[in-house]
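Numbering (UniProt numbering), first residue to last: 1 to 593. Every residue gets a Cβ at the ideal spot worked out from N, C-alpha and C, and that includes glycine. What follows is a set of notes on a single structure, which appears directly below.
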Ligand code: AMP
Ligand code: MG
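And the structure:
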């Protein structure tokens, strides 16, 4: 739910219902009582508030991306947002809330904040309230089934009275609790229901990075995390050399029309004889530049004849095509800092510095368990009421992606004593424990019970789908995640919570999940207050736009959708509807699963 210090009230309706006319009639009734009111009006089209010929118009079209025009009586700021439509919260933040008692919003009907629905029967449009829990009253020309206050849309006084009452009853939910802005409403109602962001923050703040280090061969250092800064012990390049295949001359010789070729320098070989005025050497890329020359002309610009070379067409500048010692990296310069993950560029870079052993954090040991009497090992016989273990295999793959050492502890039956022993033992061997299944509210969900008895565990209902139940805590200081049993929910929860947790424990401080905006190719829905992760497929369409569609059926037991997807479509808690053509956040899965 959107938060704001002043009450926020919307008027939601289909176009043609007369929202603006109603607001126009309503505003004087409200301001009469002394209320100071701000209005946010959402326009679907490319509106323009200043017209050709006006100074502000001319300046804006000349390139001002923010245009502020001010006089004694008013000012207006026009901000161009060509990249993407501003977030609702960003727009609300434009108001000076200190000077307002109420913000009325016309439009933005798919954003989560309190609204009055306006409805007129002749428009033939459907009601909004059955699908929008944020509608707090209905103003219409006909009665409906809503269990909400019903107002007459033509009775402006009654609507004004309702609005005044709403303002009076409004309390600032976050001010006196000292909470951060932006927390979801749900989390105030149920202490164990968290938003995705709150859960992630709590998890990350409870974890400590590993401190044990080891030295490994550079060849084996891929995906490891540096545990020390690396400073250069040499200049790169180490000596002055040619950046081209060509001819090296002394620039001050330039009045010459042609040069006698007195030798050739290949990469890896030095040329130590003197070069006189009027002489040149043939030189290859990377070969050391002899002392008497300073400029290289590329072979394509040279004409060679009878042991002489000339450069009839070349525009030569002093020192061209020469690489200097330390140009890429100077001795003593910091190349990488602690916490740097080592991938292909870092491996190449370290090698270029002559480094063959690196100091890294040790790999994280992660123990994985599946739980459930119904869960069987692939390759074995499965009972009539059983199914094969998917989770340990997808978790193993995910952990290998992050270069963890996997301690595969197999499948545990729904037996609290066996689960207790296994978790207790693993807390001494692993840096992190992951289980799947047994954390919801079923009769055989013993995992959370055992976790609670052994250590400090919080079971959260996370306001997300899939992946609502999540247990997180520690047994004897070893962090443990009780992931949901459902295979898709287990993977999505892993991606959201375990991946950042592992990055933090591995000492990778800069790890950030990538999320980008794409244009929805179909209508998307999500319950307000909940974060929905839909499996999606993004692509670039023929206009070069990034677009995304869902993989279709989203049953959370079907791992197939995870395999078809190349991204998760994230619909945040403040949004309940994305229409085809609107932009939506996607989390690319490439490099993550
Ligand atoms: P639970 O939370 O234990 O009730 O599990 C939720 C659902 O996920 C049930 O239908 C389980 O059968 C299923 N499930 C649990 N663990 C696994 C697993 N390792 N592989 C595949 N499905 C599982
Ligand atoms: Mg189970």
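Using a Cβ-based criterion (distance less than 6 angstroms to any ligand heavy atom), does residue i qualify as near the ligand AMP?
| i | result |
| --- | --- |
| residue 375 | yes |
| residue 513 | no |
| residue 471 | no |
| residue 379 | no |
| residue 415 | no |
| residue 437 | yes |
| residue 372 | yes |
| residue 485 | yes |
| residue 114 | no |
| residue 389 | yes |
| residue 15 | no |
| residue 410 | no |
| residue 482 | no |
| residue 348 | no |
| residue 583 | no |
| residue 563 | no |
| residue 440 | yes |
Just checking my contact of residue i with residue j at CB under 8 angstroms: how many whole Å lie between their CB atoms?
| i | j | result |
| --- | --- | --- |
| residue 261 | residue 238 | Not a contact, Cβ separation roughly 27 angstroms. |
| residue 296 | residue 248 | 5 angstroms |
| residue 519 | residue 547 | 5 angstroms |
| residue 140 | residue 150 | 7 angstroms |
| residue 419 | residue 447 | 6 angstroms |
| residue 371 | residue 427 | 16 angstroms between Cβ atoms; not a contact. |
| residue 536 | residue 569 | 4 angstroms |
| residue 227 | residue 286 | Not a contact, Cβ separation roughly 33 angstroms. |
| residue 597 | residue 12 | No answer is possible for residue 597: the residues shown for the chain start at 1 and end at 593. |
| residue 301 | residue 313 | 6 angstroms |
| residue 604 | residue 500 | In this structure the chain extends from 1 to 593, so residue 604 is not present and cannot be described. |
| residue 483 | residue 474 | Not confirmed; about 16 angstroms, so no contact. |
| residue 436 | residue 485 | 5 angstroms |
Nearest CA to the CA of residue i: which residue from the options?
| i | options | result |
| --- | --- | --- |
| residue 96 | 4, 532, 406 | 4 |
| residue 595 | 452, 112, 216, 29 | It is not possible to answer for residue 595, since the shown part of the chain is limited to 1 through 593. |
| residue 45 | 472, 397, 582, 390 | 582 |
| residue 595 | 78, 153, 334 | The structure shown has nothing for residue 595, since the chain only spans 1 to 593. |
| residue 517 | 206, 586, 133, 419 | 586 |
| residue 567 | 541, 542, 514 | 514 |
| residue 194 | 128, 529, 170, 509 | 529 |
| residue 199 | 551, 471, 580, 540 | 471 |
| residue 305 | 328, 257, 342 | 257 |
| residue 414 | 432, 408, 108, 369 | 369 |
| residue 89 | 98, 574, 221, 214 | 574 |
| residue 502 | 402, 17, 234 | 402 |
| residue 343 | 508, 375, 441, 201 | 508 |
| residue 292 | 303, 276, 282, 298 | 276 |
| residue 20 | 34, 39, 6 | 39 |
| residue 162 | 143, 522, 142, 138 | 138 |
| residue 326 | 352, 559, 61, 580 | 352 |
| residue 540 | 373, 552, 521 | 521 |
| residue 562 | 411, 398, 497, 524 | 398 |
(message) Suppose only complete runs of 3+ residues qualify. What are the beta strand (DSSP E) ranges in the segment 34-122, listed by chain order?
(response) 37-41, 66-70, 75-79, 102-106, 115-119
(request) Any chance you could list the alpha helix (DSSP H) runs of at least 4 consecutive residues sitting entirely within the segment 295-356, in chain order? (result) 344-352
(request) Identify every run of the alpha helix (DSSP H) within the segment 399-479, keeping only runs that are complete inside it and at least 4 residues long; order them along the chain. (result) 416-427, 447-454
(request) Report the residue ranges of all alpha helix (DSSP H) runs contained in full by the segment 514-567; include only those spanning at least 4 residues, in chain order. (result) 559-564
(request) Output the residue ranges of the beta strand (DSSP E) runs that lie fully inside the segment 210-250 and measure 3 residues or longer, sorted by chain position. (result) 213-217, 246-249
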